[in-house]
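K.L.:
Here's a structure for you.
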Amino acid sequence: MKRSTYIVMAVMALLFAVSWYFKAATYHGNVMSPLVAGFMITLAAFLTLAIISFVYQDNPFYKFAEHLFVGISAAFWMCQSFWSTIVGNLIPRISTGLSKYFGQPYRDEPWNFVYWLPVILGILLLLRLSSKIGWVSRWALAFIVGTTAGLSFIRYLRSDFMEQISSTMVPLLAAGNSGESLLSNITLSATGPFVAMLTNWVIFLGVICGIVYFFFSKEHTGLFGRASRVGIWILMITFGAAFGYTVMGRITLLVGRLTFLYKDWLGLIS
Amino acid sequence: MTEALVVTGTNLGVVISLALIAGGVIWLLVRSLKGKEVERRVIFGFVLIAVSAPILFPITFHEQISPVVKAVFDKIESLPAGSTVAISFDFDPAMAPEVQPMANAFTRHCFAKGHKVVFLSIWATGQSLLTSTLDTVVRREFPEKRERIDWVNLGYKAGNQGVLNVIVSDLRKMYPTDVNAVPLDSIPMLAEVKAFRDLSLILAVGGGFPGPKEWVLYVGDPGNVPIAAGAAAVTAPQLYPYYPRQLIGILGGIKSAAEYESAMVDKYPQFDSVDKPGLRMMGPQTLAHMVIMMFIIIGNIVFFRSKRMRSQL
Amino acid sequence: MKREVPLFITFFVGTLLIASVFIPPAESWGENFSVYFDIIAVFAFFLGGGNLLRIHLQKVASKRPDWGYSIVTLVAFLVMLAAGLFKLGNPGGISGNLTTAQSWFQILFQNIMSPLGSTMYALLAFFVASASYRAFRAKNRDATILLVAAFIILLGRTPFGTMLTSWIPPQYDLLQVPNLAIWIMSGPNLAGQRAIMIGIGLGIVSMSLRILLGIERTYLGDDR
Amino acid sequence: MLFRVAIAFACLFIIAGVAGQPAGDTALAVQQTIAPVTSLIATNHEYDNGTGIDLIWVPSIDDRLAPSRVTGYEVWRSVVGGSGSRIAELPAGANKFTDEQCSRESTYVYSVVAISVAGNAVSISTAPIQPAREWINLHRLNLLAIAFLVSAAVIYFIQSARSGKKLFVRKIAGLDAVDDAIGRATEMGRPILFIPGIQDMDDVQTIAAITILGRVSRVVADYDTKIKMPVSRSLVMTAARETIKASYMAAGRPDAYNDDMVSYVTDEQFGYVAAVDGIMVREKPATCFYLGAFFAESLILAETGNSVGAIQIAGTAMPAQIPFFVAACDFALIGEELFAASAYLSNEPKQLGSLKGQDVGKAVALVVIVVGTMAATIGSAWDVTFMNQLWSALKVVFQTN
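And the structure:
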């Protein structure tokens, strides 16, 4: 390693130690000992800075943070799912002894032995770690994929196809108003009837043209092609709007992190 | 919407940083007109300044509530006191700055109206964040509300939409106990709640998968339960087709959270003293948006200039 | 055995789940399959953990580039596992709530995993800015439409937009930028999103059908 | 059922009229115990597995006073030939309850007790009732019909494509670039990065991505290009390894396949993104494929990929992320195009046929929307009865609640 690297490392270590000391000295909570609390908050700040440094360029601090993250998070998911599902839903159905050990009430139901089925499939899945009989894990995979396909089939058909069609069928003219009086009463008031009608027209034509764009088995020429052009414009408005709308969310996340740095760590704001 | 940007002592910092940004933008514009592209890191630097300044020197605005947000507020208002409402924490720490303010505002609103609340999460990370809402909002601000009588914490279950598919018709099959291993059958407030389709309202707070969309697909539509979404800004646009039939209202991003907080304070003045992160975050938002718009304008100026120069050749 | 059994399982499970929607006596079977699904999903996490261990142990054993960082991953993984799976440092012991404030698991989550995840996510604030700068250029008609819509929404979400256009009288107040932004979201945006939704919905329905019928089987490693 | 509800409502109106008597009567009533609920009727809960019974009643007269003298109701159930028990407590004002804890083998009798500070009043018990189960949920017939229609269209066109009928599929922008992009990576001697989204095999988009991977890895095997595929789900890793292995076998080079091509990182979204970003800046892939279900990471990946100069081909059916891919990648498949892409690339009859089947679904949507909207417009603006009937008929078919 270069000499400058050592210097940077030393400076970071020093800053870390200083921060640790000050955060420990000013800790008032009662969840953990001040020494641990000081270390933890300094570590959190250090890791935050390590990740932010990536937008400048890749560096050893980022690499450290990245690898730490991978390890911690993989274990996190395992533990959470183990306690919630294996201990919460499986053990109370297959073993009285283990239920007692984990402090779960045993559920005595007639069909409990069926719960060995997912256990067997799960164990088959783990056999993937062995290359010789790894193929049996396909059985478990098939179960997962089959469940997904079965669940999605009806749910998407209902909510994203049928319901959307029925929601699009709305009157394009106000009730009892066949157009004459409406034309004499055009205002662009955001809450007015004309804008409401305009919105319905935009939704109607937008959905129609958008669907036309997604036709794959027909050449987009003639009237069909023109509708498809309008369709892509509507999609472009949608994408632009969604992008613009999202900027706000993205900024919020940075505000959250910087607030942590300025408030919880540096104590610049109260 | 704006209460006017009055220059006071605390706003001095904002003025300075605004000046800094304005100067930088002019410099960039001049540079760009000379035909030089802006490097990514310069943009990053501007974003950092624009967001930092209003955090250090706060500005707040009062927010006008928009119709899609008001629909959620009115729904909670209109439910009879004692109704059972579920709040699902389907997000991770990363998304939390955006949606946890909504979850907290919903919690306060439900308790203020005297509703009973079922807390749960279908994200592994959600349970930890749920814990923090219970500690900072429920136990601190509503000490009179008792666990398992006025609210219950069901915790997390793995299985994404599979969980939803079960709880819509049978809660106990998926959640035999609450998070502290207390059987659901011995919890008084859940005596009438056999399944999620028995609930008066479900507030799905989240943004990824599974999130509000899955709540509509697997619980709202099959079980015919009203669902309202507290969504991250990024997912809100795609939820609009569900409004108002399949979703009764949508909160999208921190601006909606701020609107909700404003509405809460208008209706329940006692909440004026609690932290309002939504409103607090609107300052940095405004500045950052302006910077980004500046960059779009500069980008286009550069683009048209280079196009003209190319066509002249 | 390698092909027929999985195809049968897929068909059987999927069909039963669809049937359970229409046949009341089968409803509880639909629920049961979801519970089994969740339990298998947990084994998948363990499979992931096993793979992680294997990959990084191999990396360390063969001293590949950056193997030192793999040690960081391994140590982090094992420490978190000890705190989570064996509930080391949990005040409630083995039957205590995993995420109580004082447990090591929660402390590690809040001070390591949470800041790392949030900051990674927060990088988006930078990337969204650089992408706007790069991508929002009026290159052609489609790009111009995208740009204009995005700009109106951006403007409409700040008080700046209100200030610019608050002089517009109420009968034309749709043209005030914040109202225009709301209108774009609930008009054209809704239409576009709905068209996408209907298309994707059909795509998912037909894909599910092909999977159930065993027409689509690439995921099983089919080479036809 | 409807008839009984009508009777119940009629009773309600009469009682409401009685309750609206001058205040003198109510002042007198305070001294007495309360009136019981009336017209208690038990009916079988429709379309269940024989576990539910619906109860409906007219609340006690005293519940209609302001303030109500009733504090709540208790529902009691007794099995004929067995003991009775309280099964529910309801707030004042309640007038219905569904008991979902019945058994098909038993016959039940119900009564409702009105509770007040002054004392309780028990209603007349219901007639004995035994829950029945139904084999088909008739409320969902429309869903079943549409599911059948769409399935039939897909299967029909798959069959007709298999029997040799030529099916046209329009060009999908960006797909022609796939081979070029792989070729570019081969020339530059840099790897290809394939990201199948961050969802598990329980997402149809991931499966579509794996299908496309089948085709990409075939070309990769032919060209002998390096492919790197970090994944965030272990099941996806399993499936991807199977797929790539099959491609290498088909290309006749099974020895060139290596399990390390696909590696599991972590299930956590941003842990995964952090690692993939690291891989990108260190290995500098020439081409990046992002196909599948994406969330916030879409833009992080696309911008990092752009900064290392990679050609980027993306496709997702996550509506929220399409804008970022459209803005930041060289080619983007929009929504359903992701599913179409796997058909287009494979050029297989079964895939093309199902695309055609989907188009039938879209045609149905178009026709129904146009006809329904016209009927709604004409019906409501000019008050044409037939049009209004048509509109409501279409709503009955397409609304599921």
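Protein chains in written order, with our numbering: chain E, 3 to 272; chain R, 10 to 322; chain F, 18 to 241; chain Z, 6 to 406. Beta carbons: idealized from backbone N, C-alpha and C, even for Gly.
#1: With contact counted as at least three CB pairs below 8 Å, one residue from each stretch, are the stretch 111-123 of chain E and the stretch 49-60 of chain F in contact?
#2: Kindly indicate which residue of R/Gln279, R/Val60, R/Pro250, R/Ala237 has the alpha-carbon position closest to the one of F/Leu140.
#3: Cα separation between F/Ala142 and Z/Ala214?
#4: Opposite R/Leu210 in the DSSP bridges: which residues?
#5: Let me check one thing: in DSSP terms, what residues is Z/Asp104 bridge-paired to?
#6: Between Z/Ile177 and chain F, is the shortest Cβ-Cβ distance under 8 Å, so that the two count as touching?
#7: Touch check for the stretch 110-119 of chain R and the stretch 255-272 of chain R: three-plus C-beta pairs under 8 Å?
#8: Check each candidate in F/Tyr150, F/Ala61, F/Thr27, F/Phe25 and name the one with the smallest Cα separation from R/Ala167.
#9: At 3 residues or longer, what runs of the beta strand (DSSP E) sit wholly inside the stretch 74-148 of chain E?
#10: With 8 Å set as the bound, which would you pick, yes or no: does the beta-carbon of Z/Leu304 sit closer than that to a beta-carbon of chain F?
#11: Anyone know if the C-beta pair for Z/Ala158 and Z/Lys355 falls short of 8 Å?
#12: Which partner residues of Z/Ile120 appear in the DSSP bridge assignment?
#13: Tell me whether the beta-carbon of E/Val249 lies closer than 8 Å to the beta-carbon of F/Leu171.
#14: Ordered along the chain, which non-local residues of its own chain (more than five positions away) have a Cβ less than 7 Å from that of E/Arg1?
#15: DSSP three-state label for F/Ser51, please.
#16: Based on DSSP bridge pairs, tell me the residues matched to Z/Ser268.
#17: With 8 Å set as the bound, which would you pick, yes or no: does the beta-carbon of R/Gln247 sit closer than that to a beta-carbon of chain Z?
#18: Quick check: the Cα distance between E/Thr63 and F/Leu133, rounded to an integer number of angstroms?
#19: What are the residues in the stretch 28-44 of chain F lying within 8 Å of chain E by C-beta distance?
#20: Hey, is Z/Lys400's beta-carbon within less than 8 Å of any beta-carbon in chain F?
#21: Nearest-angstrom Cα distance between E/Ala192 and F/Asp190?
#22: Closest to Z/Met206 by CA distance: which of E/Lys220, E/Ala142, E/Met14, E/Gly251 is it?
#23: For Z/Glu308, count the other beta carbons within 10 Å of its own beta carbon; 16 or more makes it buried, fewer makes it exposed. Which is it?
#24: Figure out for me which residue from R/Gln73, R/Lys84, R/Val24 has the closest Cα to the Cα of R/Ala272.
#25: Under 8 Å, Cβ to Cβ, is there at least one residue of chain R near F/Pro176?
#26: Residues of chain Z with a CB under 7 Å from the CB of E/Leu123: which are they?
#27: Using DSSP with H/G/I as helix, E/B as strand and the rest coil, what is Z/Val35?
#28: Out of curiosity, what's the CA-to-CA distance linking Z/Glu79 and R/Val94?
#29: Taking E/Ala302 and F/Asn128 to be in contact with their CB atoms under 8 Å, please state how far apart those CB atoms are, rounded to whole angstroms.
#30: Mind listing the chain Z neighbours of F/Thr179? Cutoff is C-beta to C-beta under 8 Å, in chain order.
#31: According to DSSP, simplified to helix, strand and coil, what is Z/Ala345?
#32: Tell me which residues of the stretch 225-243 of chain R have at least one Cβ-Cβ distance to chain E shorter than 9 Å, keeping chain order.
#33: My output table needs one value for R/Cys119: the three-state DSSP class, helix, strand or coil.
#34: Can you look up Z/Cys334 in the DSSP assignment and give me helix, strand or coil?
#35: Tell me the start and end of each unbroken alpha helix (DSSP H) in the stretch 278-322 of chain Z that is at least 4 residues and wholly inside, in chain order.
#36: Give the interface partners of R/Ala190 over in chain F, defined as CB-CB distance under 9 Å, in chain order.
P.N.:
So, to answer that:
#1: Between the stretch 111-123 of chain E and the stretch 49-60 of chain F there are three or more inter-stretch CB-CB distances shorter than 8 Å, so the stretches are counted as touching.
#2: As a working mapping, residue 140 of chain F is identified with position 123 in the third sequence. Nearest to F/Leu140 by alpha-carbon distance, out of R/Gln279, R/Val60, R/Pro250, R/Ala237, is R/Val60.
#3: The residue labelled residue 142 of chain F in the question sits at position 125 within the third sequence. The residue labelled residue 214 of chain Z in the question sits at position 209 within the fourth sequence. A direct Cα-Cα distance of roughly 28 Å separates F/Ala142 from Z/Ala214.
#4: Mapped onto the second sequence, residue 210 of chain R falls at position 201. As computed with DSSP, R/Leu210 is found in a beta bridge with R/Val94.
#5: Locating residue 104 of chain Z in the fourth sequence gives position 99, counting from the first residue. According to DSSP, Z/Asp104 bridges with Z/Ile58.
#6: Within the fourth sequence, the letter at position 172 stands for residue 177 of chain Z. Output row for Z/Ile177: interface = no.
#7: Look at the beta carbons and you see the stretch 110-119 of chain R touching the stretch 255-272 of chain R: at least three pairs across the two are nearer than 8 Å.
#8: Start at 1 with the first residue of the second sequence, and residue 167 of chain R comes out as number 158. For R/Ala167, the closest of F/Tyr150, F/Ala61, F/Thr27, F/Phe25 by C-alpha to C-alpha distance is F/Ala61.
#9: Listed in chain order, nothing qualifies, since the stretch 74-148 of chain E has no complete beta strand (DSSP E) run of 3 or more residues.
#10: By 1-based counting over the fourth sequence, the position of residue 304 of chain Z is 299. Interface residue, yes.
#11: Position 153 of the fourth sequence, counted from the first residue, corresponds to residue 158 of chain Z. Position 350 of the fourth sequence, counted from the first residue, corresponds to residue 355 of chain Z. The Cβ atoms of Z/Ala158 and Z/Lys355 do not sit closer than 8 Å to each other.
#12: For the purposes of this step, residue 120 of chain Z is identified with residue 115 of the fourth sequence, where counting begins at 1. Z/Gly77, per the DSSP bridge assignment.
#13: Position 247 of the first sequence, counted from the start, is the residue given in the question as residue 249 of chain E. Position 154 of the third sequence, counted from the start, is the residue given in the question as residue 171 of chain F. Cβ atoms of E/Val249 and F/Leu171: closer than 8 Å.
#14: In the structure as shown, chain E begins at 3 and stops at 272. Residue 1 of chain E is therefore absent and cannot be evaluated.
#15: By 1-based counting over the third sequence, the position of residue 51 of chain F is 34. Under the three-state reduction of DSSP output, F/Ser51 falls in the helix class.
#16: Against the fourth sequence, residue 268 of chain Z aligns to sequence position 263. Its beta-bridge partners are Z/Pro235.
#17: The residue given as residue 247 of chain R occupies position 238 in the second sequence. Yes, because at least one Cβ of chain Z sits closer than 8 Å to the Cβ of R/Gln247.
#18: Within the first sequence, the letter at position 61 stands for residue 63 of chain E. Within the third sequence, the letter at position 116 stands for residue 133 of chain F. Looking at the sequence provided, one finds Phe at residue 63 of chain E rather than Thr. Roughly 12 Å separates the two Cα atoms.
#19: The residues in question are Phe28, Phe29, Val30, Gly31, Thr32, Leu33, Leu34, Ile35, Val38.
#20: Here residue 400 of chain Z refers to the residue found at position 395 when the fourth sequence is read from its first residue. Taking CB atoms only, Z/Lys400 has no neighbour in chain F less than 8 Å away.
#21: The residue given as residue 192 of chain E occupies position 190 in the first sequence. The residue given as residue 190 of chain F occupies position 173 in the third sequence. Rounded to the nearest angstrom, the two C-alpha atoms are 6 Å apart.
#22: Sequence index remark: in the fourth sequence, residue 206 of chain Z carries index 201 (1-based). Nearest option by C-alpha distance: E/Ala142.
#23: Position 303 of the fourth sequence, counting from 1, holds the residue named residue 308 of chain Z. It is buried - the Cβ of Z/Glu308 has at least 16 other Cβ atoms within 10 Å.
#24: For the purposes of this step, residue 272 of chain R is identified with residue 263 of the second sequence, where counting begins at 1. Looking from the CA of R/Ala272, the closest CA among R/Gln73, R/Lys84, R/Val24 belongs to R/Gln73.
#25: Your numbering for residue 176 of chain F matches position 159 in the third sequence. At a cut-off of 8 Å between C-beta atoms, F/Pro176 counts as an interface residue with respect to chain R.
#26: Reading the first sequence from its first residue, position 121 is the one you call residue 123 of chain E. Near E/Leu123 there are no residues of chain Z at all, since even the closest Cβ is about 12 Å away, more than 7 Å.
#27: Indexing the fourth sequence from 1 puts residue 35 of chain Z at position 30. Low confidence applies to Z/Val35: its pLDDT is 46, below 50, so where it sits in the model is not reliable, and the reading given next is rough at best. The answer is coil: DSSP assigns Z/Val35 none of H, G, I, E or B.
#28: Translated into the one-based positions of the fourth sequence, residue 79 of chain Z becomes position 74. Translated into the one-based positions of the second sequence, residue 94 of chain R becomes position 85. Taking the straight line joining both Cα atoms gives about 22 Å.
#29: It is not possible to answer for residue 302 of chain E, since the shown part of chain E is limited to 3 through 272.
#30: Numbered from 1 along the third sequence, position 162 holds the residue referred to as residue 179 of chain F. When 8 Å is used as the limit between beta carbons, F/Thr179 is near no residue of chain Z, the shortest such separation being about 25 Å.
#31: As a position in the fourth sequence, residue 345 of chain Z is number 340, starting the count at 1. DSSP places Z/Ala345 in helix when its eight states are reduced to three.
#32: Within the stretch 225-243 of chain R, the residues whose Cβ lies closer than 9 Å to some Cβ of chain E are Val225, Leu226, Tyr227, Gly229, Asp230, Pro231, Ala241, Ala242, Val243, listed in chain order.
#33: For the purposes of this step, residue 119 of chain R is identified with residue 110 of the second sequence, where counting begins at 1. Three-state result, R/Cys119: helix.
#34: For the purposes of this step, residue 334 of chain Z is taken as residue 329 along the fourth sequence, with counting starting at 1. DSSP places Z/Cys334 in coil when its eight states are reduced to three.
#35: If only complete runs of 4 or more residues are kept, the stretch 278-322 of chain Z shows the alpha helix (DSSP H) at 302-312, in order along the chain.
#36: As a working note, residue 190 of chain R is residue 181 in the second sequence. Within chain F, the residues placing a beta-carbon under 9 Å from that of R/Ala190 are Ser112, Asn114, ordered along the chain.
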